[in-house]
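A short write-up of the structure that comes next.
Protein chains in written order, with the working numbering: chain A, 159 to 269; chain B, 8 to 126.
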């Protein structure tokens, strides 16, 4: 089965600071998704990456998939309290239709 | 609001009991996924249905079962409940499923979840 390891496990930053969350896969990624979850609530889709080297941005959040398609990073520029939550990477299984989620990164932004 | 609804929002029951969780996907979405989220296991994929048929199974216990009805809503049945079954249960839906086996490349829209507490 596919395993997705995220780092760091938790992050506390001052408002305005930049930060990066990493997601490393045990296997080649065919579709890599980033989701955000507020505690106890459903997940909100952020971005999907498919191609090696692909980079996507939405507002102050940028996600990249490395060339070998085994690692992705999520970068937040000038963090705000509204960015706080749990960030999860997810991936399609390369066989079958299972879906896997990473271990999650809890982000706290201090005003 | 994702457009995916789940009921009930909270459920408190006793060990050994059986419960049914309900999910209505977004209008037009044919795929429904069920997930279990607990503190120690994280977010685990349970099962997926596409247009009424089971398409993939993940870490779903034999005590758990699911189905998707002709109107595309889905139910997750949990029986002989144990304390360890206490968790948040999410369903998600997506538009289409790629033909055959292989990645779906489709974003999933998640419901607000059902919090199950087994006492």
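Using N, Cα and C, we set each Cβ at its ideal position, and we do this for glycine too.
Residue 237/A and residue 176/A - do their beta-carbons sit closer together than 8 angstroms? Residue 176/A sits at position 18 when you count from the first residue of the first chain. Residue 237/A sits at position 79 when you count from the first residue of the first chain. Contact flag set, yes.
Please report the distance separating the alpha-carbon of residue 261/A from that of residue 248/A. On the first chain, residue 261/A is found 103 positions in, with the first residue counted as 1. On the first chain, residue 248/A is found 90 positions in, with the first residue counted as 1. Their backbone Cα atoms lie some 9 angstroms apart in a straight line.
DSSP has residue 163/A in a bridge; who is on the other side? The residue given as residue 163/A occupies position 5 in the first chain. Note: residue 163/A sits in a beta bridge opposite 182/A.
Could you confirm whether any beta carbon from chain B is found closer than 8 angstroms to the beta carbon of residue 166/A? Numbered from its first residue, the first chain carries residue 166/A at position 8. No, residue 166/A lies away from the interface with chain B (no Cβ there is under 8 angstroms from its Cβ).
Please decide whether residue 163/A counts as near chain B, where near means a Cβ-Cβ distance under 8 angstroms. Counting from one through the first chain, the residue named residue 163/A turns up at place 5. Not closer than 8 angstroms to any Cβ of chain B, the Cβ of residue 163/A fails to qualify, so no.
Just verifying my parser: in three-state terms, what is the DSSP assignment at residue 250/A? Within the first chain, numbered from 1, the residue matching residue 250/A stands at position 92. Here residue 250/A sits in strand by DSSP.
Around the C-beta of residue 201/A, are 16 or more other C-beta atoms found within 10 angstroms, so that it is buried, or is it exposed? Position 43 of the first chain, counting from 1, holds the residue named residue 201/A. Burial call: buried.
How about the region 187–196 of chain A and the region 223–235 of chain A: do they share at least three Cβ pairs that are nearer than 8 angstroms? yes
Assuming residue 87/B contacts residue 10/B under a Cβ cut-off of 8 angstroms, what Cβ separation, rounded to an integer in Å, is found between them? Your numbering for residue 87/B matches position 80 in the second chain. Your numbering for residue 10/B matches position 3 in the second chain. Actually they are not in contact, since the Cβ atoms of residue 87/B and residue 10/B sit about 33 angstroms apart, beyond 8 angstroms.
According to DSSP, is residue 169/A part of a helix, a strand, or is it coil? Taking the first residue of the first chain as 1, we reach residue 169/A at position 11. If DSSP states are grouped into helix, strand and coil, residue 169/A belongs with the strands.
For residue 263/A and residue 163/A, I'd like the C-alpha separation in whole angstroms. Working through the first chain from its first residue, we reach residue 263/A at position 105. Working through the first chain from its first residue, we reach residue 163/A at position 5. So the two alpha carbons sit approximately 10 angstroms from each other.
Three or more C-beta pairs under 8 angstroms: does that hold for the region 69–86 of chain B against the region 28–43 of chain B? yes
Can you look up residue 63/B in the DSSP assignment and give me helix, strand or coil? Locating residue 63/B in the second chain gives position 56, where the first residue counts as 1. Residue state, collapsed to three classes: strand.
Environment of residue 266/A [buried if 16+ CB atoms lie within 10 Å]: Counting from 1 along the first chain, the entry for residue 266/A is found at position 108. Residue 266/A comes out exposed.
CB contact below 8 angstroms: residue 17/B versus chain A: For the purposes of this step, residue 17/B is taken as the residue at position 10 of the second chain. So no, residue 17/B is outside the interface.
Neighbouring residues, chain B, relative to residue 256/A (Cβ below 7 angstroms): Against the first chain, residue 256/A aligns to sequence position 98. Simply 52, 63 and 65.
Members of the region 74–100 of chain B that neighbour chain A once the beta carbon cut-off is set at 8 angstroms: 95, 97 and 99
Taking the straight line between their C-alpha atoms, what separation do you get for residue 54/B and residue 212/A? Locating residue 54/B in the second chain gives position 47, counting from the first residue. Locating residue 212/A in the first chain gives position 54, counting from the first residue. For residue 54/B and residue 212/A, the distance between alpha carbons rounds to 30 angstroms.
Quick check: is the beta carbon of residue 71/B nearer than 8 angstroms to any beta carbon in chain A? Locating residue 71/B in the second chain gives position 64, where the first residue counts as 1. Cβ-Cβ to chain A under 8 angstroms: no for residue 71/B.
Where residue 91/B sits in the DSSP three-state scheme: Looking up residue 91/B in the second chain gives position 84. Three-state DSSP puts residue 91/B in a helix.
Determine which residues share a DSSP beta bridge with residue 56/B and list them. Sequence index remark: in the second chain, residue 56/B carries index 49 (1-based). Paired residue(s): 39/B and 61/B.
Under 8 angstroms between C-beta atoms, does residue 56/B make it to chain A? As a position in the second chain, residue 56/B is number 49, starting the count at 1. Taking Cβ atoms only, chain A never reaches closer than 8 angstroms to residue 56/B, which makes this a no.
For residue 245/A and residue 166/A, the rounded distance between their alpha carbons: Taking the first residue of the first chain as position 1, residue 166/A is located at position 8. Taking the first residue of the first chain as position 1, residue 245/A is located at position 87. Rounded to the nearest angstrom, the two C-alpha atoms are 11 angstroms apart.
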